[in-house]
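First up is the structure itself, then whatever we jot down about it.
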Amino acid sequence: MSRNLVEFARRGDATGAQTALEVLKQAVVDHREVTDEDRRRAAQISGLPEATVYGVSTFYDDLLAPVGRRHVRVCTGTACFAANGGAHADELRAGLGLEFGEVSDDGEVSLSETVCLGFCHSSPAVRSGDLIDAGDGAVARVLDDAATAAAEPAWRSLLPEPVLTKPGDWSGLRRALTELGAEALLTEVEEATVRGRGGAGFPAGTKWRFARNASGAPKYIVVNGDEGDPGSYIDKYLMEQNPVRLLEGVVLAGFAVGATRGFILTRSEYPRSKPVLERAIAQAHNDGWLGTNIQGSGFDFDIEVIEGAGSYVVGEETALLACLQGLRGTVSARPPFPAERGVHGLPTVVNNVETLANIPFIAAHGAAAYRALSPDSETNGSKLVCFNERFNAPTVVEVPFGITMRELCEEVAGGLRGGAGIKALQIGGPLGGILPASKLDTRFDFDDLAAEGCMVGHGSIVAFDERTNMRELAVHLLRFGAHESCGKCFPCRIGLRRAHDMFAAAEPVSRSRFEQLLDALELGSLCAHGSGMPAPLRSLLDHFPAELGLID
Amino acid sequence: MRVTIDGSAVEVEPGTTILEAARQADTWIPTLCFDERLAPFGACRVCMVGVEGNPAPVPACTTPCRDGMNVDTQDPASRRVATAVVELVLSELPEPPAAHTELAQVAARLEVTDQPRWPGATHPVRQELDHPYLAFRHELCISCGRCVRACDEIQGAFALTAVGRGFEANVVAGMDSGFRESTCVSCGACADTCPTDAISERRLIEFGDVYATISGAGA
């Protein structure tokens, strides 16, 4: 990340200015497109150079094309693909007479695709204005301009005492402020070994210790609420249904690290997240859990919510920091790590939503109680998983680590609709491997899944039934991968496009050339997007070679 | 501290990157997005090297040396990545890069042939030739970011930006208005660092009537 641009962003923030991205997003709300005048204004307000702002306006999906008075966004995520192979997107295109990125001649309606709306329990999902409709009849209703808000099934917990699904009550923060103190809290979190729940699995306590020891002030806590993994709606539930637990985790992180300010980056694909969190923040201020001198402790902390603008890679932590500062959401090489140089070049902890939602329990009950939550596993704490629409009972469920995938699929989620058989699962997001039905006895845990080329990742479980064609799945995954490449590192920028084109063409794919390309992506890419995309493709090569149309 | 590059020991200051150590030891590591005048960027991934004890190659330009580190610039996995990347980059250009460019030289030295394993779409030809000193051939841009960073870090003019993402990524001047309508001060740092001639300095001979061109430039 350019030090000069970060310094411009810091100065803008110091004067309370909006970021360039905020100004550009508002332009779309106000007059349905970004014009050069908007870009000049964004540059003036934010303090960024005009060319830089232009670059920002060409990066995020939400800013790219003019929209109509009613903007329709069709979800083309993996759960929606598993539901019908993408037929709903074709129906909308045909019904509206628009291609993605087009506006009707009268300016009434526009169409774009989006990945993903987080209604994977009720695919296919379509957003019409700010209403998200999903399931049977959603396409017809959106075509009639009669969309209704889809319901979200209640979440539940398999634990004797729910942890993550239990509403936050600030009891962990109360104990931390009155009994533990910052150092003891940090030690508890280190001893609890909270592996990051956003995909990488890096222990939160270690990150916190780096940031606490880093020189520079103020320090920041950044919450990664950019749950872009198609098929995943776990962080959505946490942010929208249990915001207090998340806020409590953020304040605890701030207290342990010595930070005074937190940011939550939410997704524009989840339009409810930001307002729900902002209401919870206002309530926390009223109740004395945020602001100056929290509960008389002398500790000050505040949180603001910033919404992204449509980019999967912004879920990568350095890209997230760029987005937060209003810059292009491209990945930066580490070192420097955010713990040394994060927001405004200052020490920053970046944690995923669910990771932070684990912290209040540890603060209230200690590391030992936390370790006991998953008795059959070496991994500590519990995990939220979520299921796609193919299952009989798709929702978010809190589970212990160590449970088998078969128990999850057959007992917890009730098997597939209509008694269909599971052909394969994709676990943890688009960078997770594909687990064939023959491996359903694999345990849901970091090491067990890794041994099968899969991962815990975000915890999403997307089932494909026998109707899914695996070559089409390869094209689906690679299309997403190529579209979302931030364009910075060469293997991902060019390689994912080439990989997509190999499978999208009618011809057979040379297995050896494709594997050589996967090798370069895996070993060469700058971030987990490029290095992770090969995992599901390798699974497909291993388990479904006959369906892929391969030659040597 | 002391590191070993291909068997030769080098004494380096803390904070030195593997690439800097290798250059100190006169060992060649291919690079495309690196320019020693600019902060390392880590985008091109052709500078990958093997490090003893590391399961996978690391980028030499952004990886700091550790005391006792043992670096292998000829590590087979690293060579595979570098060759594949250069092949991919050549395959996105509608014409081969000129022989004098850094890209052509790196490709020659890595013995990358003109028979790419993964052929496909190339960048559309788009040329801006309205500036008196600088020519911009977008189709030759490989998004290494050197020009953008030179304009930022050397000149402080901020006239250039990366645009788009994925395969469509490119670079433009100003608000895609060209150099003349941007904050460009014609310093030439972008052309100087460009490894493909996507941005190049125009030579007087291109203009024919030099006096007419100069008088037109101020208009």
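These protein sequence lines map, in sequence, to chains A and B. For the first sequence, position 328 (counting from the first letter as 1) is numbered 328 according to the working numbering, and the numbering increases by one without interruption. For the second sequence, position 136 (counting from the first letter as 1) is numbered 1136 according to the working numbering, and the numbering increases by one without interruption. Even for Gly, the Cβ is constructed at its ideal location relative to N, Cα and C.
Find the residues of chain B that neighbour A/E108, judging by a C-beta separation of less than 8 Å, and give them in chain order.
-> Per Cβ cutoff of 8 Å: no residues; A/E108 is ~28 Å from chain B at best.
Can the beta-carbon of B/L1093 be found less than 8 Å from the beta-carbon of B/P1116?
-> For the pair B/L1093 and B/P1116, the CB atoms are not nearer than the 8 Å cut-off.
Three-state secondary structure (DSSP) of A/L327 | Collapsing the DSSP output to three states places A/L327 in coil.
Are the C-beta atoms of A/P335 and some chain B residue less than 8 Å apart?
-> Yes, contact with chain B.
In chain order, which beta strand (DSSP E) runs of at least 3 residues are fully inside the segment 426-482 of chain A?
-> Look at the segment 426-482 of chain A and you find these whole runs of beta strand (DSSP E), each 3 residues long or longer: 434-436 and 460-465.
Proximal residues of chain A, C-beta to C-beta of B/G1174 below 9 Å | Within chain A, the residues near B/G1174 are E50, A51 and Y54.
Whose C-beta lies closer than 7 Å to the C-beta of B/P1040 among residues of the same chain, with five residues either side of it excluded?
-> Excluding the 5 residues flanking it on each side, B/P1040 has same chain C-beta neighbours closer than 7 Å at T1017, F1034, C1061 and T1062, in chain order.
Of all Cβ atoms in chain A, is any one closer than 8 Å to the Cβ of B/F1167?
-> With 8 Å as the cut-off, B/F1167 counts as an interface residue toward chain A.
Return helix, strand or coil for B/G1218, following the three-state DSSP convention.
-> Note that B/G1218 has pLDDT 45, beneath the 50 cutoff, so the model's placement of it is unreliable and the number below is only indicative. The answer is coil: DSSP assigns B/G1218 none of H, G, I, E or B.
I think A/V28 touches A/D62, with their Cβ atoms under 8 Å apart; what is that distance to the nearest whole Å?
-> Their Cβ separation, rounded to whole angstroms, is 6 Å, which keeps A/V28 and A/D62 in contact under 8 Å.
Name the DSSP beta bridge partners of A/D300, please?
-> According to DSSP, which records beta bridges pairwise, A/D300 is partnered with nothing at all.
Pair within 8 Å by beta-carbon distance, A/N224 and A/V350 | The Cβ-Cβ distance between A/N224 and A/V350 falls below 8 Å.
Mind checking A/E50: buried by the 16 CB within 10 Å criterion, or exposed?
-> Counting Cβ neighbours within 10 Å, A/E50 comes out buried, since at least 16 surround it.
Residues of the segment 1050-1072 of chain B with a CB closer than 9 Å to any CB of chain A: list them in chain order, please.
-> Those residues of the segment 1050-1072 of chain B that come within reach of chain A (Cβ to Cβ, closer than 9 Å) are A1056, P1057, P1059, C1061, T1062, T1063 and P1064.
With a cut-off of 8 Å, does the C-beta of A/F503 fall near any C-beta of chain B?
-> When Cβ-Cβ separations below 8 Å define contact, A/F503 makes no contact with chain B.
State buried or exposed for B/G1053, treating a residue as buried only when at least 16 other CB atoms are found within 10 Å of its CB.
-> Counting C-beta atoms within 10 angstroms of its own C-beta, B/G1053 has fewer than 16 neighbours from the protein chains shown and is therefore classed as exposed.
By a C-beta neighbour count over all protein chains shown, 10 Å radius and 16 as the cutoff for buried, is A/I427 buried or exposed?
-> Counting the other Cβ atoms within 10 Å of the Cβ of A/I427 gives 16 or more, which makes it buried.
Which same chain residues, not among the five before or five after A/S525, have their C-beta less than 7 Å away from its C-beta?
-> Beyond the five residues adjoining it in sequence on each side, A/S525 comes within less than 7 Å, by CB distance, of C489, P491, C492 and S531 in the same chain, given in chain order.
For A/N4, return the contacting residues in chain B, with the cut-off set at a CB-CB distance below 8 Å.
-> Using a Cβ-Cβ cut-off of 8 Å, A/N4 is close to D1152, E1153, G1156 and F1158 of chain B, given in chain order.
Beta-carbon separation (whole angstroms), A/E190 vs A/G205, contact threshold 8 Å | That pair is a contact at about 3 Å.
DSSP state of B/I1142, grouped into three classes?
-> DSSP places B/I1142 in coil when its eight states are reduced to three.
Contact under 8 Å by Cβ, B/C1144 with B/C1065 | No, the pair does not count as a contact, with Cβ atoms beyond the cut-off.
Rounded to whole angstroms, how far is the Cβ of B/D1176 from the Cβ of A/Y60, which I believe are closer than 8 Å?
-> Wrong, their Cβ atoms sit about 16 Å apart, outside the cutoff.
Of all the options A/R40, A/S46 and A/A42, which has the alpha carbon lying nearest to the alpha carbon of A/V6?
-> Selected option, being the one with the closest Cα: A/S46.
Proximity to A/F387 [Cα-Cα], best of A/A369, A/F464 and A/Q325 | The option with the nearest alpha carbon to A/F387 is A/F464.
C-beta atoms of A/V462 and A/T78 nearer than 8 Å | The criterion of a C-beta distance shorter than 8 Å is satisfied by A/V462 and A/T78.
How long is the line joining the alpha carbons of A/L37 and A/I294, rounded to whole angstroms?
-> Rather than Leu, the amino acid found at residue 37 of chain A in this sequence is Glu. When rounded, the separation of the alpha-carbon atoms in A/E37 and A/I294 is 43 Å.
To the nearest angstrom, report how far apart B/I1005 and B/R1023 are at their CA atoms.
-> Spanning the two alpha carbons is a distance of roughly 10 Å.
Around the C-beta of A/G308, are 16 or more other C-beta atoms found within 10 angstroms, so that it is buried, or is it exposed?
-> By the 10 Å Cβ count, A/G308 comes out buried.
A/L431 and A/A520: beta carbons closer than 8 Å?
-> When the beta-carbon positions are compared, A/L431 and A/A520 stay at least 8 Å from each other.
Kindly provide the ranges of any alpha helix (DSSP H) runs that are 4 or more residues long and lie completely inside the segment 479-523 of chain A, ordered along the chain.
-> Secondary structure within the segment 479-523 of chain A: the alpha helix (DSSP H) runs of 4 or more consecutive residues, fully enclosed, are 490-504 (chain order).
For the segment 238-255 of chain A and the segment 192-200 of chain A, state whether three or more C-beta atom pairs, one from each stretch, are separated by less than 8 Å.
-> With a cut-off of 8 Å, the segment 192-200 of chain A and the segment 238-255 of chain A do not count as touching, because too few Cβ pairs lie within range.
Apart from the five residues just before and just after B/R1180, which ones in its own chain have a Cβ nearer than 7 Å to its Cβ?
-> In its chain, beyond the 5 residues on either side, D1130 and H1131 have a beta carbon closer than 7 Å to the beta carbon of B/R1180.
Give me the Cβ distance between B/C1151 and B/L1140, rounded to the nearest whole Å; I'm assuming they're in contact under 8 Å.
-> With a Cβ gap of about 18 Å, B/C1151 and B/L1140 do not count as contacting.
Excluding the five sequence neighbours on either side, which residues of its own chain have a C-beta within less than 8 Å of the C-beta of A/E99, listed in chain order?
-> Its chain contains R93 and L111 as the residues whose beta carbon lies nearer than 8 Å to that of A/E99, once the 5 sequence neighbours on both sides are disregarded; these appear in chain order.
Check distances from the C-beta atoms of the segment 1028-1044 of chain B to those of chain A and list, in chain order, the residues that come in under 9 Å.
-> Within the segment 1028-1044 of chain B, contact with chain A at the beta-carbon level (separation under 9 Å) is assigned to L1032, C1033, A1039, P1040, F1041, G1042, A1043 and C1044.
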